[in-house]
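Worksheet: the structure to be examined is printed underneath.
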Amino acid sequence: PTAVAPVSQYACQRRTTTENNNKIITDAFEVLAESYEFNEIEGPCLAFRRAASVLKSLPWAVCSLEATLDLPCLGEHTKAVIDEILQCGRAFEVEKILSDERYQTLKLFTSVFGVGPKTAEKWYRRGLRSFSDVLADHSVQLNRMQQTGFLHYGDISRAVSKAEARALRNIIDEAVHAIAPDAVLALTGGFRRGKEFGHDVDFIVTTTELGKEESLLPRIIRRLTKQGILLYCDYQASTFDMSKLPSYRFEAMDHFAKCFLILRLEGSQVEEGLHIAEGDSRGWRAVRVDLVSPPMDRYAFALLGWSGSRQFERDLRRFARVERHMLLDNHALYDKTKKEFLAATTEKDIFAHLGLEYIEPWQRNA
Ligand code: TTP
Ligand code: MN
Ligand code: MN
Ligand code: MN
């Protein structure tokens with residue numbers, strides 16, 4: 132018999148490509164997780180996300196319950212769902228959620244840029260069920276982000292292709308290098324993990340000269356505005372304090388300067404053509420772009436933190452805390468035993484500090 136290495140409970144000790152051999156099961160788990168999230172039930176939500184992540188890492192398809200015996204993070208509930216899917220091709224509980232009016236409505240509302248679960252819930256409780264309900268209700272006050280979300284709904288809810296991401300990279304690359312000759316630009320997020328499609332395109336932009344990055348985002352924004360391609364911009368200046376310990380909370384946003392943008396992308400700029408609806412004769416589309424600008428000495432932490440996936444990031448932080456008594460976030464790594472910060476110039480340095488085998492970006496699709 133061949134000895135097979137056990138699957139780790141931590142996503143940062145697994146290699147997960149974009150090829151998912153258990154999509155039917157992981158899709159079901161993600162519906163369940165999201166439903167628990169809408170109901171603010173954190174434990175089971177996380178449990179289903181972890182279980183889905185474990186199954187995504189397998190180079191084989193689960194075809195019996197026995198095959199899952201040695202896998203971590205699978206409890207009674209998750210196994211019952213797997214069993215039902217293996218036997219009937221679907222799970223009753225998941226079908227029930229998918230046909231539930233509240234779930235459907237919250238899913239629809241949160242698909243709008245700028246609408247989170249809280250706002251969606253508020254609208255649902257007011258009896259609103261559709262976009263036209265929301266837009267016709269005079270007591271609803273849309274903020275600028277939500278107004279833009281409705282305005283560009285079709286484009287923004289349509290996936291961004293790799294070719295479109297490349298075209299955007301060229302646009303940003305041209306802008307940052309015109310502004311700062313020593314600019315550093317890196318693709319991050321889902322496209323760095325090798326995904327074919329994304330909901331946005333994420334970039335890290337900085338300068339090799341420390342401190343010069345502070346003026347970078349405002350200058351990029353001005354340039355894109357002059358070019359007439361900036362449809363929306365939410366700029367958040369840096370609140371970074373280098374003396375602070377890394378955050379325990381994962382979902383807390385980092386403190387680097389960043390901007391959430393919507394850009395106008397011309398079809399002529401995309402070699403393979405725009406990814407838009409058939410019959411849409413416009414020569415352009417709106418695309419969501421995120422730019423984050425850390426100081427160069429935090430580049431590796433920012434790159435690791437923004438490359439995702441979210442589950443991979445969650446488990447990196449959990450591994451650091453539980454297994455190494457260290458605190459990791461997008462800014463820094465702190466050793467609680469030695470009471471000192473551990474510096475890093477590459478992602479490999481951070482994995483090494485944590486005593487982890489290096490996982491390539493395309494193996495982080497946990
Ligand atoms: P996303 O762009 O939301 O996700 P993604 O690129 O993995 O997938 P998609 O194709 O749907 O866009 O986030 C990318 C990573 O950035 C994610 O791991 C979380 C991280 N992130 C932060 O660390 N801080 C932030 O403030 C935000 C908005 C994201
Ligand atoms: Mn992204
Ligand atoms: Mn996303
Ligand atoms: Mn993003």
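Heads up: the sequence shown begins at 132 in UniProt numbering, then just goes up one per residue. Beta carbons: idealized from backbone N, C-alpha and C, even for Gly.
Any heavy atom of ligand 4 closer than 7 angstroms to the beta-carbon of residue i?
i: residue 325; result: no
i: residue 331; result: yes
i: residue 365; result: no
Run the CB neighbour count on residue i, radius 10 Å, all protein chains shown included, and call it buried at 16 or more, exposed below.
i: residue 390; result: buried
i: residue 274; result: exposed
i: residue 386; result: buried
i: residue 191; result: exposed
i: residue 491; result: exposed
i: residue 134; result: exposed
i: residue 165; result: buried
i: residue 457; result: buried
i: residue 324; result: buried
i: residue 444; result: buried
i: residue 460; result: buried
i: residue 143; result: buried
i: residue 477; result: exposed
i: residue 486; result: exposed
i: residue 462; result: buried
i: residue 145; result: buried
i: residue 286; result: buried
i: residue 383; result: exposed
i: residue 411; result: exposed
i: residue 446; result: buried
i: residue 180; result: buried
Terminal residues of the continuous beta strand (DSSP E) containing residue i?
i: residue 244; result: Taken as a continuous stretch (DSSP letters only), residue 244 belongs to no beta strand (DSSP E), as it is neither H nor E.
i: residue 134; result: Element bounds for residue 134: n/a, residue is neither H nor E.
i: residue 487; result: Note, residue 487: premise wrong, no beta strand (DSSP E); not H, not E.
i: residue 157; result: No beta strand (DSSP E) contains residue 157, which is instead part of the alpha helix (DSSP H) from 154 to 169.
i: residue 333; result: 332 to 338
i: residue 341; result: Where residue 341 is concerned, there is no enclosing beta strand (DSSP E), given that its DSSP letter is neither H nor E.
i: residue 466; result: 464 to 466
Would you say the beta carbon of residue i is closer than 7 angstroms to some non-hydrogen atom of ligand 1?
i: residue 359; result: no
i: residue 276; result: no
i: residue 437; result: yes
i: residue 384; result: yes
i: residue 461; result: yes
i: residue 421; result: yes
i: residue 441; result: yes
i: residue 226; result: no
i: residue 165; result: no
i: residue 295; result: no
i: residue 150; result: no
i: residue 444; result: yes
Would you mind reading off the limits of the alpha helix (DSSP H) that contains residue i?
i: residue 424; result: Not the alpha helix (DSSP H): residue 424 falls in the beta strand (DSSP E), residues 415 to 424.
i: residue 430; result: 430 to 438
i: residue 138; result: Here residue 138 belongs to no alpha helix (DSSP H), and DSSP marks it neither H nor E.
i: residue 446; result: 441 to 455
Could you tell me if the beta carbon of residue i falls within a distance shorter than 7 angstroms of some heavy atom in ligand 2?
i: residue 320; result: yes
Is the CB of residue i under 8 angstroms away from at least one CB in chain C?
i: residue 169; result: Looking at the structure shown, chain C is missing, and only one protein chain is on hand.
*asked:* Could you check whether the segment 344 to 363 touches the segment 406 to 414, counting it as contact only if at least three pairs of C-beta atoms, one from each stretch, sit closer than 8 angstroms?
replied: no
TODO: Enumerate, from N- to C-terminal direction, the unbroken alpha helix (DSSP H) stretches of 4 or more residues contained entirely within the segment 251 to 283.
DONE: 262 to 267 and 275 to 282
Every unbroken beta strand (DSSP E) within the segment 349 to 409, with a cutoff of 3 residues, ordered by chain | 361 to 367 and 388 to 397
Are at least three pairs of beta-carbons, each pair with one atom in the segment 136 to 147 and one in the segment 201 to 211, less than 8 angstroms apart? yes
- Message: For the segment 323 to 330 against the segment 302 to 311, do three or more pairs of beta-carbon atoms, one drawn from each stretch, fall closer than 8 angstroms, so that the two count as touching?
- Response: A contact between stretches requires three or more CB pairs, one per stretch, nearer than 8 angstroms, and the segment 323 to 330 fails this requirement with the segment 302 to 311.
(Q) Runs of 4 residues minimum, wholly inside the segment 175 to 252: which ones carry the alpha helix (DSSP H) assignment? (A) 207 to 219, 223 to 229 and 232 to 241
Practice task
Evaluate the contact criterion for the segment 414 to 429 versus the segment 280 to 296: three or more CB pairs, one atom per stretch, below 8 angstroms.
Solution key: yes
query: For the 8 angstroms Cβ check, are there 3 or more pairs between the segment 448 to 456 and the segment 350 to 364?
result: no
Discussion item. Under 8 angstroms: do the segment 205 to 216 and the segment 168 to 183 share three or more Cβ pairs, one atom per stretch?
Written reply: yes
Is there contact here, the segment 463 to 475 with the segment 155 to 168, by at least three beta-carbon pairs under 8 angstroms? no
Quiz item: Using 8 angstroms as the threshold, is the segment 270 to 284 in touch with the segment 229 to 245, meaning 3 or more CB pairs across them?
Solution: yes
Curious, which full-length alpha helix (DSSP H) runs of at least 4 residues does the segment 293 to 321 contain?
293 to 310
* Could you tell me whether the segment 150 to 159 touches the segment 179 to 197, using the rule of 3 or more Cβ pairs below 8 angstroms? => yes
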